[in-house]
Amino acid sequence: MKASSRTMLATCLAVLASCGSPFAQTLPAPVQKSMQEARKSCKPEKAVFGKDFVARKDVNGDGVPDYVLDYEHFECGGSSSYYCGTGGCLTQVFASNDGGYVKVLDENVQGLEFKTLKGRPAMQIGLHGSSCGRPGMDPCGATLYWNGAKFSPAN
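Residue numbers (mature numbering (1 follows the signal peptide of the UniProt record, and there is no 0)): -24 to -1, 1 to 131.
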């Protein structure tokens, strides 16, 4: 390989490594495990994780980035609805906890928003009506608050 080609390759790799993509960074073991399970469930088809599959954001207010896996951005064999349906798409949230990460949401949702409500980190989820005892076409929602270990309904 010519010196100029090696320099170009090294430059490209440096740019990719510094681009801020979650895939360019080391992901926590529980996040990697969920992604491996999704990849395995797709076999023998090709699994593709879109650029917005993993989002890093502090969801529990501890200042440490947490991870949100949005299966709307997962394709299996070219199908983008592999983990999606009328109930929404599978969404998994991993919150930092005691130096590690714990899965605090693993559910099909139609919408997900993180806010601070009543001075506490909160997760507002949009759900299929059947999750709330309603007809499916009648969506509902839930607000869960961080209690220091998990998200749960307000007391």
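From the three backbone atoms N, C-alpha and C, an ideal C-beta is built for every residue, glycine too.
Check whether residue i and residue j have beta carbons under 7 Å apart
i	j	result
TYR43	PHE50	no
VAL80	LYS126	yes
GLY64	GLN86	yes
GLY117	PRO111	no
ASP38	THR67	no
VAL35	PHE70	no
VAL40	SER72	yes
Span of the alpha helix (DSSP H) around residue i
i	result
CYS18	5 to 18
Counterpart residues of residue i in DSSP-defined beta bridges
i	result
GLN68	LEU45, ASP82
GLY76	ASN73
Boundaries (first-last residue) of the beta strand (DSSP E) holding residue i
i	result
VAL30	30 to 33
VAL24	23 to 25
GLY87	87 to 93
TYR121	116 to 122
LEU129	In the sequence as presented, Leu is not what sits at residue 129; that position holds Pro. Taken as a continuous stretch (DSSP letters only), the beta strand (DSSP E) holding PRO129 covers 127 to 129.
Anticipated Cβ contact below 8 Å, residue i with residue j, distance rounded
i	j	result
PRO6	TYR77	5 Å
LEU93	THR119	7 Å
ALA21	GLY61	Here the sequence assigns Glu to residue 21, which means Ala is not the residue at that position. The pair is not a contact, with the Cβ atoms about 18 Å apart (cut-off 8 Å).
ALA23	ALA14	6 Å
Residue i (DSSP reduced to helix, strand or coil)
i	result
GLY105	helix
ARG96	strand
SER57	coil
SER(-4)	Low confidence applies to SER(-4): its pLDDT is 44, below 50, so where it sits in the model is not reliable enough to give any reading.
CYS52	strand
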